[in-house]
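If you read the sequence shown in this note's numbering, its first letter stands for residue 158, the second for the next number, and so on.
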Amino acid sequence: MTEQILPVIMAGGSGTRLWPLSRTQYPKQFLKLSPDGYTLLQATLLRLKNLNCAEPILICNEEHRFLAAEQMREIGISAKIILEPEGKNTAPAIALAALYQSECMGNQNVIMLVLAADHVITKQDQLEKSITQAIELAMSNRLVTFGIVPSHAETGYGYIEKGQKELNGFIVKRFVEKPDALTAQEYLDSKQFLWNSGMFMFKADIYLKELQQHAPNIYEKCITSIQGFKADPDLDFIRINKELFRECPSESIDYAVMEKTKDAVVVPLDANWSDVGSWSALWNIQRKDAQNNVIQGDVITVNSQHSYIYSENRLVSLLGVDNLVVIETKDAVLVANKDMVQDIKKIVEILKQQDRTEHFCHREVYRPWGKYDSIDQSERYQVKRITVKPGQKLSIQMHHHRSEHWIVVSGTAKIYKGEKSFLLTENQSTYIPLGEIHALENPGKVVLELIEVQSGSYLGEDDIVRFDDIYGRV
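See the structure below:
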């Protein structure tokens, strides 16, 4: 392969069907669900290692920017990260990447390889083969989509019907919605249909031309939104105009462009692909024991089979059950029939209606400086275990409604309190009165662990007034 390609990784999904592991603040693309032990985002980036690629563009939600950056740092890969103020589906997201490349980097003819950050592909050689075949089509100004060679009559995916052969692909005859079981079997038997993978390849300028023709409202909002690309740098992140982008319609690339263009072609991909769209899909791709169970964590099974069991924090034991999904986290447990997991989103909706937080965040919450775990709480107090990475510092801040006690468990803490600063080591503590301006830093080379006891009339995370922050969160 000689032609360089620009990978565009879409990492903005919420993944509610994998609740309670996947949540709004920590969706599935950041979870270690790949068979090789990496997160889905990391596995997606590592698939590019044998290809002739430019530095990738990653598109993610603003709330996930530090999480994405840290996961890329862990595997030694850098990328330009475009932040979406809110999710607007795939057509605007891809337009932002294409516009950034053409307007800000001056390369309009670059070939973009658009990938989702939450897919699993285990046959790397077949993926590389299909990408190589797609390049010639993209060079001839075609818009390429990758169609998965179906292994069974699946009702959970959209399909693409192949038309006349063209080079190493086929002209797209039509896109079809998710079929019923009988129609899906007819598609499989005909051998003329492929699963719609949501992966694409095309020139940046060709995509923008088609978008301008078929969805001009999306094109106009995106091109005006990028005016802040150069004017508003934020650490290693690329921000866009929030107000303008919020006016952009939310639409998929399929509806906005691919179903309307006359230049859509499909390249078959037979690479053991999964979009990991449910716990049953994850069960399908994971290694199983002699009883056909997938087990992760501290689990004991007796006379139980065909199940997916995940334990994060405690011993989980199963006796005499079949075809279950059992997921244990620090603050929620799911027990479901494996054939009913597509309805997990109904549980998430109930959580939202009841104004609960379990759909939004885990008990353990990650921050750019480390993480905290809310180990106990009541109406007027909360206890957190705080972990600060070496060399990192929390923002200079104050609270209107709570005071805090800090007790160092391990490592060394540098405390900023009012006009004073001082060091605390193991078993030492300090008190932060309500209204006191303060900050916490780990000046050492080992992880800092401390216990924080909050007390007051209101303990929400929005009772933080930031005065200075090295992560740009003021």
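Glycine is no exception: its CB is placed at the ideal position from the N, C-alpha and C atoms.
I'd like to know if residue 408 contacts chain D, where contact means its C-beta is closer than 7 Å to some C-beta of that chain. Included in the structure is just one protein chain, with no chain D present.
Spatial neighbours of residue 193 in its chain, beta-carbon cut-off 7 Å, leaving aside the 5 residues before and after: Here residue 193 refers to the residue found at position 36 of the sequence shown. Excluding residues within five positions, the ones whose Cβ falls inside 7 Å are 200.
Answer yes if the stretch 220 to 231 comes into contact with the stretch 179 to 187, meaning at least three C-beta pairs across the two stretches below 8 Å, and no otherwise. yes
Alpha-carbon spacing of residue 326 relative to residue 283, whole angstroms: Stepping through the sequence shown from its first residue, residue 326 is reached at position 169. Stepping through the sequence shown from its first residue, residue 283 is reached at position 126. Our two residues, residue 326 and residue 283, have alpha carbons roughly 15 Å apart in a direct line.
Can you tell me whether DSSP reads residue 594 as helix, strand or coil? Position 437 of the sequence shown, counted from the start, is the residue given in the question as residue 594. Under the three-state reduction of DSSP, residue 594 is assigned to coil, being neither helix nor strand.
Mapping DSSP to helix, strand and coil, what is residue 389? Counting from one through the sequence shown, the residue named residue 389 turns up at place 232. Low confidence applies to residue 389: its pLDDT is 49, below 50, so where it sits in the model is not reliable enough to give any reading.
State buried or exposed for residue 407, treating a residue as buried only when at least 16 other CB atoms are found within 10 Å of its CB. Position 250 of the sequence shown, counted from the start, is the residue given in the question as residue 407. By the 10 Å Cβ count, residue 407 comes out exposed.
Along the chain, where does the alpha helix (DSSP H) that runs through residue 167 open and close? Position 10 of the sequence shown, counted from the start, is the residue given in the question as residue 167. Unbroken run through residue 167 is the beta strand (DSSP E), 162 to 168; no alpha helix (DSSP H).
Could you check what DSSP says for residue 158 in three-state terms: helix, strand or coil? Here residue 158 refers to the residue found at position 1 of the sequence shown. Reliability fails at residue 158, whose pLDDT of 45 lies under 50, so the model's placement of it is uncertain and the value that follows must be treated cautiously. In the structure shown, residue 158 sits in coil (DSSP, three-state: anything other than H, G, I, E or B).
Using only the alpha-carbon positions, how far apart do residue 389 and residue 399 sit? Within the sequence shown, residue 389 is the residue found at index 232, counting from 1. Within the sequence shown, residue 399 is the residue found at index 242, counting from 1. Confidence at residue 389 is low in this model, with a pLDDT of 49, below 50, so the placement of that residue should be treated as unreliable; the coordinate-derived value is given next. CA-CA distance, residue 389 to residue 399, rounds to 11 Å.
Extent of the continuous beta strand (DSSP E) to which residue 517 belongs: Indexing the sequence shown from 1 puts residue 517 at position 360. That residue, residue 517, is in no beta strand (DSSP E); it is neither H nor E in DSSP.
Answer yes or no: the CB of residue 529 versus the heavy atoms of the ligand MG, is any distance below 6 Å? For the structure depicted, the ligand MG is absent and the ligand set is empty, with no information on it obtainable.
Assess contact between the stretch 361 to 369 and the stretch 240 to 256, defined as three or more Cβ pairs (one per stretch) separated by less than 8 Å. Is contact present? yes
Beta carbon of residue 579 nearer than 7 Å to that of residue 572: As a working note, residue 579 is residue 422 in the sequence shown. As a working note, residue 572 is residue 415 in the sequence shown. Yes.
For the beta strand (DSSP E) containing residue 563, name the first residue and the last one. Within the sequence shown, the letter at position 406 stands for residue 563. 559 to 567 is the extent of the beta strand (DSSP E) around residue 563.
Under a three-way DSSP split, which group does residue 494 fall into? As a working mapping, residue 494 is identified with position 337 in the sequence shown. Looking at residue 494 - three-state DSSP - the assignment turns out to be strand.
Give the C-beta separation of residue 318 and residue 330 to the nearest angstrom, bearing in mind that I take them to be a contact with Cβ-Cβ under 8 Å. As a first step, residue 318 must be located in the sequence shown, where it is residue number 161. As a first step, residue 330 must be located in the sequence shown, where it is residue number 173. Contact flag correct, Cβ pair sits at about 4 Å.
Go through its chain and collect everything with a Cβ distance to residue 350's Cβ below 6 Å, but skip five positions before and after it. Taking the first residue of the sequence shown as position 1, residue 350 is located at position 193. Excluding positions up to five away in sequence, the list reads 316, 318 and 344.
Return yes when the Cβ of residue 516 is within less than 7 Å of the Cβ of residue 620, no when it is not. What you label residue 620 is simply residue 463 of the sequence shown in a count that begins at 1. What you label residue 516 is simply residue 359 of the sequence shown in a count that begins at 1. With respect to the 7 Å criterion, residue 620 and residue 516 are not classified as neighbours on the basis of their beta carbons.
Should residue 165 be labelled buried (16 or more other beta-carbon atoms within 10 Å of its own) or exposed? Here residue 165 is taken as the residue at index 8 of the sequence shown, counted from 1. Residue 165 is buried by the Cβ-count criterion.
Using beta-carbon positions only, say whether residue 291 and residue 490 come within less than 7 Å of one another. As a position in the sequence shown, residue 291 is number 134, starting the count at 1. As a position in the sequence shown, residue 490 is number 333, starting the count at 1. No. Outside cutoff.
Proximity below 7 Å, CB of residue 550 to CB of residue 627: Start at 1 with the first residue of the sequence shown, and residue 550 comes out as number 393. Start at 1 with the first residue of the sequence shown, and residue 627 comes out as number 470. Yes, the pair counts as a contact, with Cβ atoms nearer than the cut-off.
Pop quiz: residue 278 and residue 204 are said to be a contact at Cβ under 8 Å. What is the actual Cβ separation, rounded to whole angstroms? Sequence index remark: in the sequence shown, residue 278 carries index 121 (1-based). Sequence index remark: in the sequence shown, residue 204 carries index 47 (1-based). The C-beta distance from residue 278 to residue 204 rounds to 7 Å, short enough to fall under 8 Å.
Mapping DSSP to helix, strand and coil, what is residue 429? On the sequence shown, position 272 is the one that residue 429 refers to. In this structure, residue 429 counts as coil in the three-state DSSP scheme.
Within 10 Å of its beta-carbon, does residue 433 have 16 or more other beta-carbons around it, so buried, or fewer, so exposed? Indexing the sequence shown from 1 puts residue 433 at position 276. The residue is buried, with at least 16 neighbouring Cβ atoms inside 10 Å.
Between the CA atoms of residue 511 and residue 542 - distance to the nearest angstrom: In the sequence shown, the residue the question calls residue 542 occupies position 385. In the sequence shown, the residue the question calls residue 511 occupies position 354. One C-alpha to the other measures close to 27 Å.
For residue 370, count neighbouring Cβ atoms within 10 angstroms of its own Cβ and tell me buried if that reaches 16, exposed if not. In the sequence shown, the residue the question calls residue 370 occupies position 213. With a threshold of 16 other beta carbon atoms within 10 Å, residue 370 falls short and is exposed.
Using a Cβ-Cβ cutoff of less than 6 Å, which residues in the same chain neighbour residue 412 once the five nearest sequence positions on both sides are dropped? On the sequence shown, position 255 is the one that residue 412 refers to. Counting only Cβ-Cβ distances below 6 Å, and skipping sequence neighbours, we find nothing.
So what does residue 410 bridge to, in DSSP terms? Numbered from 1 along the sequence shown, position 253 holds the residue referred to as residue 410. Residue 410 pairs with nothing; no bridge assigned.
For a minimum of 4 consecutive residues, which ranges assigned as the alpha helix (DSSP H) are wholly contained in the stretch 239 to 294? 247 to 256, all fully within the stretch 239 to 294.
Distance CB(residue 539)-CB(residue 611) smaller than 7 Å: Here the question's residue 539 lines up with position 382 in the sequence shown. Here the question's residue 611 lines up with position 454 in the sequence shown. Yes; because the gap between Cβ atoms is below 7 Å, this pair is in contact.
Ignore the nearest five residues each way along the sequence and tell me which others in residue 533's own chain have a CB closer than 6 Å to its CB. Here the question's residue 533 lines up with position 376 in the sequence shown. Correct list, in chain order: 540.
If we ignore side chains and look at the alpha-carbon of each, how far apart do residue 497 and residue 475 end up? The residue labelled residue 497 in the question sits at position 340 within the sequence shown. The residue labelled residue 475 in the question sits at position 318 within the sequence shown. Near 19 Å, if we compare the C-alpha coordinates of residue 475 and residue 497.
Can you tell me where the alpha helix (DSSP H) with residue 374 in it begins and where it stops? Sequence index remark: in the sequence shown, residue 374 carries index 217 (1-based). Per DSSP, residue 374 belongs to the alpha helix (DSSP H) from 373 to 382.
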